[in-house]
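**Q** Residue numbers (the UniProt record's numbering): 1 to 462. C-beta atoms are modelled at their ideal positions from N, C-alpha and C, and glycine is treated no differently. Owing to the predicted nature of the structure, the values given are computational and were not obtained by experimental measurement.
1. Taking 7 Å as the cut-off, does the CB of residue 227 come closer than this to any heavy atom belonging to the ligand GDP?
2. Could you name the residues of the same chain whose beta carbon sits closer than 6 Å to that of residue 285, not counting the 5 residues immediately before and after it, in chain order?
3. On the three-state DSSP scale, how would you describe residue 420?
4. When the Cα atoms are used, what is the spatial distance from residue 232 to residue 430?
5. Residue 433 lies in the beta strand (DSSP E); which residues open and close that run?
6. Between 387, 314, 441, which lies nearest to residue 138 when the distance is taken from Cα to Cα?
7. By Cβ distance, which residues of its chain are closer than 7 Å to residue 215, with the 5 residues on each side in sequence left out?
8. Using C-beta distances below 8 Å, list every residue in its chain close to residue 466, excluding the 5 sequence neighbours before and after it, in chain order.
9. Taking residue 91 as part of the alpha helix (DSSP H), name the residues at either end of that continuous run.
10. Measure the C-alpha to C-alpha separation of residue 458 and residue 364 and round it to an integer number of angstroms.
11. What would DSSP say about residue 31, mapped onto helix, strand or coil?
12. Residues in its own chain within less than 8 Å of residue 163 by CB, not counting five upstream and five downstream?
13. Should residue 465 go down as buried or exposed, given a rule of 16 or more other Cβ atoms within 10 Å for buried?
14. With a CB to CB cut of under 8 Å and the five nearest residues on each side skipped, what residues in its chain are close to residue 410?
15. Which term fits residue 168, buried or exposed, when burial requires 16 or more other beta carbons within 10 angstroms of its beta carbon?
16. Taking only runs that begin and end inside the stretch 182-220, name each unbroken beta strand (DSSP E) of 3 or more residues, in chain order.
17. So is residue 272 buried or exposed if we call it buried at 16+ other beta carbons inside 10 Å?
18. Look up residue 399 in the DSSP assignment and say whether it is helix, strand or coil.
19. Go ahead and label residue 300 buried or exposed: buried means 16 or more other beta carbons lie within 10 angstroms of its beta carbon, across all protein chains shown.
20. Looking only at its own chain, which residues have a Cβ that is under 8 Å from the Cβ of residue 404, when we skip the five neighbours before and after it?
21. Using the Cα positions of residue 347 and residue 359, report the straight-line distance between them to the nearest angstrom.
22. Check residue 463 in the structure and name its three-state DSSP category.
23. Can you tell which of 461, 408, 438 has its C-alpha closest to the C-alpha of residue 110?
24. Going by C-alpha distance, which of 296, 90, 262 is nearest residue 256?
25. Considering only their Cβ atoms, is the gap separating residue 302 from residue 287 smaller than 8 Å?
26. Alpha carbon to alpha carbon, what distance is there between residue 36 and residue 28?
27. Name the DSSP beta bridge partners of residue 232, please?
28. Verify whether the separation of the beta carbon atoms of residue 330 and residue 344 is less than 8 Å.
29. Can you name the residues that DSSP bridges to residue 143?
30. Evaluate residue 451 with the Cβ neighbour count: other Cβ atoms within 10 Å of its Cβ, from every protein chain shown; 16 or more gives buried, anything less gives exposed.
As structure tokens, then:
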């Protein structure tokens, strides 16, 4: 459910769900109860506090508890207290087919790999062409955030795209890929100024980053190494004699610990289980690796039975499950035993005589609802409690599916000759998606599935 509290009222207005008749009936019944109590023989034993219940009742009558009021007031930009149950709101919007796609034009860039909501109106995302961008959903303004270059020689530069972007629990620091893809840049959330460059741990592309707490984070690389970093003393701000903020000098950070991930070939994803104090890494050869966070040592590795084209991993909100995306399935894994407890088949797309299955490319949990970004321009939703894909409340026999627009694909003639069939049926891969804090807006982005094909896709669903 949603709550929109009108304090104070704007131009003495009432919410759409509040009717005058309700207030009048409540007032009349209150007067009748008071009159009855005064005329009673036992009135000397009864003490009425008129304002206590009335104030609370009037507050409830002036507070709508429906999602439509919440969304409408957000669209109008009205300044009121809002709270919303994200699980309910996401399900309601999806099952009632309320999401509409609003494409974001980004033709000068190539493939979006990661994204996060910075605030209720801003989204930050990273691309294959090493651009860190901020998009404002209200003003449609697009800004590029500067990257920091480390001490690497030009001959050893790694520029393979920004693959991960994570915000620490207190939402004060943002960690993402730097100018070189084997280094990490830390930005201050309030200003998006780069303040720390983490370097010297990895020799190849960094695929994922995960915060453990406010100052410790972990990175995983294609060179099979895991690095632990600590960011210190970044909260202090310096001002000049006129009271203007002095731009901080970038700190160059070295890793606290570097570990080789045993039995791994290409570390692709990292997730942190706070309840079990375990770090989980996923490698391209189909292994799940469990680490003891407190001692930063690898405990064991387990090979998954269905591991073709392993691509992504997420942790359920209550830390009870891990979801792993592959070509054929979304695998649900018990966090205590690292055993597969459910295989969710990926959708196969039929286009005439051709069948396409580009598998799962991005995952996220909204309580018991899993959002699955596929490799062929479709976003699907799986209900863990019901044990099936989410169904529409309007058309009960139909699954809830978001079909994306095509975005932009490079019309290079050589590529068209190589991928003639694919381009005729082209749909972008959804490499990243993220909900806002209310669960009523979804950002999805990606690009072509083929590695040597350029293009980009980005949309806002609301």
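**A** This is what the structure holds:
1. As presented, the structure is devoid of all ligands, the ligand GDP included, so that no description of it is given.
2. The residue given as residue 285 occupies position 285 in the chain shown. Answer for residue 285: 265, listed in chain order.
3. Residue numbering aside, residue 420 sits at position 420 when the chain shown is read from its first letter. Per-residue confidence for residue 420 stands at a pLDDT of 49, beneath the threshold of 50, marking its modelled position as unreliable; no derived number is given.
4. As a working note, residue 232 is residue 232 in the chain shown. As a working note, residue 430 is residue 430 in the chain shown. Between residue 232 and residue 430, the C-alpha separation is close to 35 Å.
5. Sequence index remark: in the chain shown, residue 433 carries index 433 (1-based). Segment 429-435, the beta strand (DSSP E) holding residue 433.
6. As a first step, residue 138 is located in the chain shown; it is residue number 138 there, counting from the start. Cα-wise, what sits closest to residue 138 is 441.
7. Stepping through the chain shown from its first residue, residue 215 is reached at position 215. Once the five neighbours on either side are set aside, the close Cβ partners of residue 215 are 230, 231, 232.
8. A question about residue 466 goes unanswered here, because the residues of the chain that appear run from 1 up to 462.
9. Within the chain shown, the letter at position 91 stands for residue 91. That run of the alpha helix (DSSP H) goes 86-95.
10. Position 458 of the chain shown, counting from 1, holds the residue named residue 458. Position 364 of the chain shown, counting from 1, holds the residue named residue 364. Taking the straight line joining both Cα atoms gives about 17 Å.
11. Reading the chain shown from its first residue, position 31 is the one you call residue 31. Of the three classes helix, strand and coil, the one that applies to residue 31 here is helix, per DSSP.
12. Counting from one through the chain shown, the residue named residue 163 turns up at place 163. Closer than 8 Å at the Cβ level, and outside the excluded window around residue 163, lie 113, 114, 126, 177, 181, 205, 206, 207, 208.
13. Because the chain here runs from 1 to 462, residue 465 falls outside it and cannot be looked at.
14. The residue labelled residue 410 in the question sits at position 410 within the chain shown. Excluding its 5 nearest sequence neighbours in each direction, residue 410 has C-beta neighbours in its own chain below 8 Å: 448, 453, 454, 455, listed in chain order.
15. Within the chain shown, the letter at position 168 stands for residue 168. Residue 168 is buried by the Cβ-count criterion.
16. 184-188, 193-198, 206-211
17. Here the question's residue 272 lines up with position 272 in the chain shown. Buried, by the Cβ-count rule.
18. Position 399 of the chain shown holds residue 399. In the structure shown, residue 399 sits in a strand (DSSP, three-state: E or B).
19. Translated into positions along the chain shown, residue 300 becomes position 300. Flag for residue 300 reads exposed.
20. In the chain shown, counting from the first residue as 1, residue 404 sits at position 404. 101, 377, 378, 379, 427, 428, 430, 444, 457, 459, listed in sequence order.
21. Your numbering for residue 347 matches position 347 in the chain shown. Your numbering for residue 359 matches position 359 in the chain shown. Distance between residue 347 and residue 359, taken at the CA atoms: about 8 Å.
22. This structure does not reach residue 463, given that the chain is present from 1 up to 462, and the question cannot be answered.
23. Translated into positions along the chain shown, residue 110 becomes position 110. The shortest C-alpha separation from residue 110 is found at 408.
24. The residue labelled residue 256 in the question sits at position 256 within the chain shown. Cα-wise, what sits closest to residue 256 is 296.
25. Taking the chain shown and counting its residues from 1, the one referred to as residue 287 is at position 287. Taking the chain shown and counting its residues from 1, the one referred to as residue 302 is at position 302. Contact flag set, yes.
26. Looking up residue 28 in the chain shown gives position 28. Looking up residue 36 in the chain shown gives position 36. Between the alpha carbons of residue 28 and residue 36 lies a distance of about 12 Å.
27. In the chain shown, counting from the first residue as 1, residue 232 sits at position 232. BP columns for residue 232 are empty, so no partner.
28. The residue labelled residue 330 in the question sits at position 330 within the chain shown. The residue labelled residue 344 in the question sits at position 344 within the chain shown. Yes, these two residues count as a Cβ contact at 8 Å.
29. By one-based count along the chain shown, residue 143 stands at place 143. Its beta-bridge partners are 134.
30. By one-based count along the chain shown, residue 451 stands at place 451. Result: exposed.
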